[in-house]
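*Asks:* Structure in structure tokens, see below.
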Amino acid sequence: MTRGSNRLTSVLSDNRVGLLLLIVVLVVLIGSLKPMFFSPAFVIGPMLTSIAIFTVVGLAQMVVLSVGQMNLAVGGMAAIGAMGSAMVFQAFDVPLIVGIAIGLVFGGAVGALCGVLIAYAGVNSFVVTLAMSFALLGLVPAVYSWVSTGNAITVQTPGLAELGRSKLSDLCIGDTCGPDGIPLILFVAVAAMIVIGLLYSKSRIGREILLTGSNDRAALLSAIPVPRRIITVHTLSGMLAALAGFMLGASTGSFTPGIGQEFMLQSFLGPILGGTLLAGGYVSVIGTFLGITLTVVIRQGLLLFGVGIEGLNILLGTILLIALSADRIRSVAGARSRLRASRQQSPAQPKEEAVVS
Amino acid sequence: MTDTAYALEVRGITKTFPGVRALDEVNLRLKPGEVHALLGENGAGKSTLIKIITGIQPQDSGELIVNGEAQTFRSAHEATRAGIGVVHQERNVITDFTVAENIVLGNTPVKGGRVQWREVREGAKRVLDLLDFPIDPATPTSLLSPAQTQLVEIARGLYTDSAVLLLDEPTASISETESKLLFDVVHRLAAQGRAILFVSHKLEEVFAHCDTVTVFRDGRSVAESEPLANYSKDTIVDLLVGRTLAKLEVPVRSPSEAGTPALELRDVSTAGGHRDVSFAVHPGQILGIYGLVGAGRSELAKAILGLDRITSGEVRVNGAPAQIRSVGDALGRYGIGYVTEDRKAEGLFLDQTVARNLTVTVLKRLSNAFGFVRERAARATADEYIASLDVKVSNRDQLVGQLSGGNQQKVSLGKWLAANTDTLIIDEPTVGIDVRTKGAFYQLIWALAEQGKAVLVISSDLAEMVTLVDRIVVMQDFEVTGSVTNTHDYDEMSKSVIRLIHEERIDVVEG
Chain A
1 MTRGSNRLTS
11 VLSDNRVGLL
21 LLIVVLVVLI
31 GSLKPMFFSP
41 AFVIGPMLTS
51 IAIFTVVGLA
61 QMVVLSVGQM
71 NLAVGGMAAI
81 GAMGSAMVFQ
91 AFDVPLIVGI
101 AIGLVFGGAV
111 GALCGVLIAY
121 AGVNSFVVTL
131 AMSFALLGLV
141 PAVYSWVSTG
151 NAITVQTPGL
161 AELGRSKLSD
171 LCIGDTCGPD
181 GIPLILFVAV
191 AAMIVIGLLY
201 SKSRIGREIL
211 LTGSNDRAAL
221 LSAIPVPRRI
231 ITVHTLSGML
241 AALAGFMLGA
251 STGSFTPGIG
261 QEFMLQSFLG
271 PILGGTLLAG
281 GYVSVIGTFL
291 GITLTVVIRQ
301 GLLLFGVGIE
311 GLNILLGTIL
321 LIALSADRIR
331 SVAGARSRLR
341 ASRQQSPAQP
351 KEEAVVS
Chain B
1 MTDTAYALEV
11 RGITKTFPGV
21 RALDEVNLRL
31 KPGEVHALLG
41 ENGAGKSTLI
51 KIITGIQPQD
61 SGELIVNGEA
71 QTFRSAHEAT
81 RAGIGVVHQE
91 RNVITDFTVA
101 ENIVLGNTPV
111 KGGRVQWREV
121 REGAKRVLDL
131 LDFPIDPATP
141 TSLLSPAQTQ
151 LVEIARGLYT
161 DSAVLLLDEP
171 TASISETESK
181 LLFDVVHRLA
191 AQGRAILFVS
201 HKLEEVFAHC
211 DTVTVFRDGR
221 SVAESEPLAN
231 YSKDTIVDLL
241 VGRTLAKLEV
251 PVRSPSEAGT
261 PALELRDVST
271 AGGHRDVSFA
281 VHPGQILGIY
291 GLVGAGRSEL
301 AKAILGLDRI
311 TSGEVRVNGA
321 PAQIRSVGDA
331 LGRYGIGYVT
341 EDRKAEGLFL
351 DQTVARNLTV
361 TVLKRLSNAF
371 GFVRERAARA
381 TADEYIASLD
391 VKVSNRDQLV
401 GQLSGGNQQK
411 VSLGKWLAAN
421 TDTLIIDEPT
431 VGIDVRTKGA
441 FYQLIWALAE
451 QGKAVLVISS
461 DLAEMVTLVD
471 RIVVMQDFEV
481 TGSVTNTHDY
491 DEMSKSVIRL
501 IHEERIDVVE
511 G
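Just so you know, the sequences run in chain order A and B. The first sequence maps to residues 1 to 357 in UniProt numbering. The second sequence maps to residues 1 to 511 in UniProt numbering.
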């Protein structure tokens, strides 16, 4: 999404092209062995719903990674955001959009709190968000059992079921209907991708965030409001996590404390596979989407072959480890080629001079 | 053929990198007991030769003879064992380790798998004493200033008791007085029969302390192990750049010290330990702040920018009291910019493009009402400063980490020129930069002052101060001990500055 440099971009875009090819090969392979894989209603639709939700989760992690930090509480923030939406739907019968907004405020507030602790108290993001995830793990079920019976809130707000569970085939203009298998909720993820993409590629704040991730000391000494940008990314992360939590609740029709429990691994898999640097300073929105798509395709494919959830977790964990090693190799290789470039460059300069004089 | 008259002999060494011949049959002969200067502009091949001599890279062809034996080092360890000690230009100190641990690094005394800590401490103490550097070997290196860190590097080079000692710009970031200490040690080591190879960009030092000289240009040796007495500064500079360089025209400047100062400190004390610091810099004036290691110069700049707490006294900008809480405040509300000393750690975003580095301070101005960066304006700004500073880049989207030191420094300065502040604080403007680029920087700073900017230059290079600034403020132990108007006469200025530092020392002793 954002231009790092000529060389870096070419490497990373290769990475994205590689991801895309891998996805296509896997889809063709799985589909030819199990034609069921192409069933719009039973596989494609649910798969795209998962991709939509996890892409937003991936973005929630990506924005924090962009300053070289991490958010271990994405799951908890998703849970509290979804809970916030569900509670206002239940208690006040507000319109859909207001409920979503309230959920984002819940998630964003928790994220902002983490950001403030990290930026001003100087505590490591790892510690702050880990502690926050434990606090939320206790808080969210407690509130659910207090406001609801059976530890779940079923929301009947008009439009929610349509947004969460309808497909393009349900939308018809006259006699022409959209294709089956494409869930409406996918467009929520696309909207989130566009907003985050614009933020990082075009806006001043996005650029300040990336520069903070590149070298926070230099950023501070270059008049960038570093603490404010750290709070910005954590707030944004909380809001995106809340949005993902809401999407999950809307797609199943019920809001429970269990929302967000399987978000953590996915949140790292998407950005890292997609080329976002753990050290900060470079992000890829499309890469995050492709990374998530790959993991969801693998997961769905293996489910069709009857591989259990334990086997899946082992596999996804292994993929993350490989992706992290690749991140390390990328940065080492980057440093090496920089060194080579500078070695070649420095003796070359006097040669230019010789031509001049 | 062995000739034991030389401690180190380089015969026709050639080294080629893909596409570039870095060294082309260079020669160098180093006798025991001599201090030999190796000179050359950035990229002339000095660093490559040092890497070959110290075993970091092998040569393609040619002979390296150490104490009469032909050697091809395959590792740095082999070079150390052959009696070659080196102080590298980059600081290779591990900040999590203590001073002693860093000194013995790579040569740690071990017996039966256990580190001999007593030997570590005593060995470290011995070389620190040799350097006359009064610091506890158990001090964590993270607490040291850049100059003190440099001394630790030098101590490491001395620790292995080498017959040949290579000093790669050891004085680039240390002050005059410390340099004197260092040269005392160098002369002592030479008197003991050690051979010293000394790489520096500071010609004053070279002429004051070296016996012989080798000059590299474009990977060739244009002067080979000749007595330095055969040359003058001018002839050396001609050799370095390969043509008669237009002599740096020091402009006749008569800045006014009347009227309201652009930036004034009145009895400022800080949480960091400064006591009652006062000085003023006027529009159009270049004020130098000179001091020894740990005198608190960079720390003072950071306190002015709000990165350290001011406990008493006041900072005044254009005559009015100023409350500066951050660099953003300094830039946005008071028009003050700060070019950092350590460009890699604090000045630049090495993995970002030249364009992004150059526009960082002006992002607000380059954004529209919706907070989006106006790309065309940003590109124009980047191109403007690439052109006006003559930054050597393939294009504006090249990564800053790929540029040479001099060009990186131009970017580091350029991002603050883009901000167009009324007052600019420049910390160590030309560390590790060659003669020609230095000249370009001085011209730039004079031009800034001509435009009516107030410029504060912090430097530990007295020769630089004497060339560049209008008035020198001397700092010692976090206090200002006095200031002198610059007469541009090196000997005279050197005497008055040393006197200012010295008086303070006597006061301390008496008090």
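Glycine is no exception: its CB is placed at the ideal position from the N, C-alpha and C atoms. Treat the numbers as computed from the prediction; the structure is a model and nothing was measured.
Using DSSP with H/G/I as helix, E/B as strand and the rest coil, what is Leu253 of chain A?
*Replies:* Residue 253 of chain A is actually Gly in this sequence, not Leu. Coil at Gly253 of chain A, not helix or strand.
*Asks:* 7 Å is my cut-off, CB to CB: does Ser200 of chain B come that close to chain A?
*Replies:* Closer than 7 Å: no.
*Asks:* Can you tell me whether Asn368 of chain B is buried or exposed, with buried defined as 16 or more other CB within 10 angstroms of its CB?
*Replies:* Answer is exposed; the Cβ neighbour count stays below 16.
*Asks:* Mind checking the region 200-221 of chain A against chain B and listing, in chain order, the residues whose C-beta falls within less than 7 Å of any C-beta there?
*Replies:* From the region 200-221 of chain A, only Lys202, Ser203, Arg204, Ile205, Arg207, Glu208, Leu211, Ser214, Asn215, Arg217, Ala218, Leu220, Leu221 have a Cβ closer than 7 Å to chain B.
*Asks:* Rounded to whole angstroms, what's the CA-CA distance from Asp267 of chain B to Val457 of chain B? Just pull it up for me.
*Replies:* Taking the straight line joining both Cα atoms gives about 20 Å.
*Asks:* Mind listing which residues of the region 330-341 of chain B have their C-beta closer than 8 Å to chain A's C-betas, in chain order?
*Replies:* Result list: Ala330, Leu331, Gly332, Tyr338, Thr340.
*Asks:* Over what stretch of residues does the alpha helix (DSSP H) that includes Val250 of chain B continue unbroken?
*Replies:* Per DSSP, Val250 of chain B belongs to no alpha helix (DSSP H) and is neither H nor E.
*Asks:* Can you pull the chain B neighbours of Pro225 of chain A, defined as C-beta to C-beta under 8 Å?
*Replies:* Neighbours of Pro225 of chain A on chain B, chain order: Ser326, Gly328.
*Asks:* Would you decide whether Cys210 of chain B is buried or exposed? Buried here means 16 or more other CB atoms lie within 10 Å of its CB.
*Replies:* So Cys210 of chain B ends up on the buried side.
*Asks:* If you follow the beta strand (DSSP E) that Asp168 of chain B is in, where does it begin and where does it stop?
*Replies:* First-last of the beta strand (DSSP E) with Asp168 of chain B: 164-168.
*Asks:* Residues in the region 119-134 of chain A with C-beta within 9 Å of chain B's C-beta atoms, listed in sequence order?
*Replies:* Listed by position, the residues of the region 119-134 of chain A near chain B (Cβ gap below 9 Å) amount to none.
*Asks:* Whether or not the region 49-60 of chain A and the region 99-106 of chain A are in contact is what I'm after, with contact meaning three or more pairs of Cβ atoms, one per stretch, closer than 8 Å; do they touch?
*Replies:* In short, these stretches do not touch, since the Cβ pair count stays below three.
*Asks:* Taking only beta-carbon positions, decide if Leu363 of chain B is within less than 7 Å of chain A.
*Replies:* Closer than 7 Å to some Cβ of chain A, the Cβ of Leu363 of chain B qualifies, so yes.
*Asks:* Flag Gly281 of chain A as yes if its beta-carbon sits less than 7 Å from any beta-carbon of chain B, otherwise no.
*Replies:* True, the Cβ-Cβ gap to chain B drops below 7 Å.
*Asks:* Considering only the alpha carbon of each residue, which of B:Pro251, B:His282, B:Arg253, B:Asp276 lies closest to Thr260 of chain B?
*Replies:* Per the Cα distances, B:His282.
*Asks:* Decide if the region 138-155 of chain A is in contact with the region 266-280 of chain A; the criterion is three or more beta carbon pairs, one per stretch, under 8 Å apart.
*Replies:* The answer is no - the region 266-280 of chain A does not touch the region 138-155 of chain A, with fewer than three Cβ pairs under 8 Å.
*Asks:* Compare the C-beta of Gln352 of chain B against all C-beta atoms of chain A and say whether one is closer than 7 Å.
*Replies:* It does: the Cβ of Gln352 of chain B has a partner Cβ on chain A nearer than 7 Å.
*Asks:* Is Gly55 of chain B close to chain A? Criterion is C-beta to C-beta, closer than 7 Å.
*Replies:* Taking Cβ atoms only, chain A never reaches closer than 7 Å to Gly55 of chain B, which makes this a no.
*Asks:* Quick check on Tyr120 of chain A: buried or exposed, where buried means 16 or more other Cβ atoms within 10 Å of its Cβ?
*Replies:* Looking at its Cβ environment, which holds fewer than 16 other Cβ atoms inside 10 Å, Tyr120 of chain A is exposed.
*Asks:* With a cut-off of 7 Å, does the C-beta of Glu119 of chain B fall near any C-beta of chain A?
*Replies:* Not closer than 7 Å to any Cβ of chain A, the Cβ of Glu119 of chain B fails to qualify, so no.
*Asks:* Since Tyr290 of chain B and Val497 of chain B should fall inside the 8 Å C-beta cutoff, what is the C-beta to C-beta distance between them, to a whole number of angstroms?
*Replies:* Indeed, because the Cβ distance is near 6 Å, the residues count as touching under 8 Å.
*Asks:* Between the C-alpha atoms of Gly432 of chain B and Met247 of chain A, what's the straight-line distance to the nearest angstrom?
*Replies:* About 56 Å.
*Asks:* Can you list the alpha helix (DSSP H) stretches of 4 or more residues lying completely in the region 371-429 of chain B, in chain order?
*Replies:* The qualifying runs are 375-388, 405-419.
*Asks:* Select from B:Phe216, B:Leu399, B:Pro255, B:Ser388 the residue whose C-alpha is nearest the C-alpha of Leu468 of chain B.
*Replies:* The shortest Cα separation from Leu468 of chain B among B:Phe216, B:Leu399, B:Pro255, B:Ser388 belongs to B:Pro255.
*Asks:* Strictly below 8 Å CB to CB, what residues from chain A border Lys415 of chain B?
*Replies:* Under the 8 Å cutoff, chain A gives Ser222.
*Asks:* How big is the Cα-Cα spacing for Ala354 of chain A and Ser404 of chain B?
*Replies:* Bear in mind that the predicted position of Ala354 of chain A carries a pLDDT of just 31, short of 50, making it too unreliable to give a figure here.
*Asks:* Cβ of Gly371 of chain B less than 7 Å from any chain A Cβ?
*Replies:* Yes - at least one Cβ of chain A is within 7 Å of the one on Gly371 of chain B.
*Asks:* Where DSSP assigns a beta bridge to Gly258 of chain A, which residues make up the other side?
*Replies:* Looking at the DSSP assignment, Gly258 of chain A forms no beta bridge with any residue, so it has no partner.
*Asks:* DSSP has Tyr159 of chain B in a bridge; who is on the other side?
*Replies:* In the DSSP output, where bridge partners are listed per residue, Tyr159 of chain B has none listed.
*Asks:* When you compare only the Cα positions, how much space is there between Ala7 of chain B and Asp184 of chain B?
*Replies:* So the alpha carbons of these two residues sit roughly 21 Å apart.
*Asks:* Mind checking if Ser5 of chain A is an interface residue toward chain B, Cβ cutoff 7 Å exclusive?
*Replies:* Confidence at Ser5 of chain A is low in this model, with a pLDDT of 48, below 50, so the placement of that residue should be treated as unreliable; the coordinate-derived value is given next. Answer yes: the Cβ-Cβ gap between Ser5 of chain A and chain B drops below 7 Å somewhere.
*Asks:* Does DSSP put Val94 of chain A in a helix, a strand or coil?
*Replies:* Residue state, collapsed to three classes: coil.
*Asks:* What residue range does the beta strand (DSSP E) around Tyr338 of chain B cover?
*Replies:* First-last of the beta strand (DSSP E) with Tyr338 of chain B: 336-339.
*Asks:* Do Val152 of chain B and Val115 of chain B have their C-beta atoms within less than 7 Å of each other?
*Replies:* Taking 7 Å as the Cβ cut-off, Val152 of chain B and Val115 of chain B do not qualify as a contacting pair.
*Asks:* Give me the DSSP bridge partner(s) of Pro183 of chain A.
*Replies:* A:Lys167.
*Asks:* Suppose you measure from the CA of Val10 of chain B to the CA of Ser221 of chain B; what does that come to, to the nearest Å?
*Replies:* Each residue's alpha carbon lies about 11 Å from the other.
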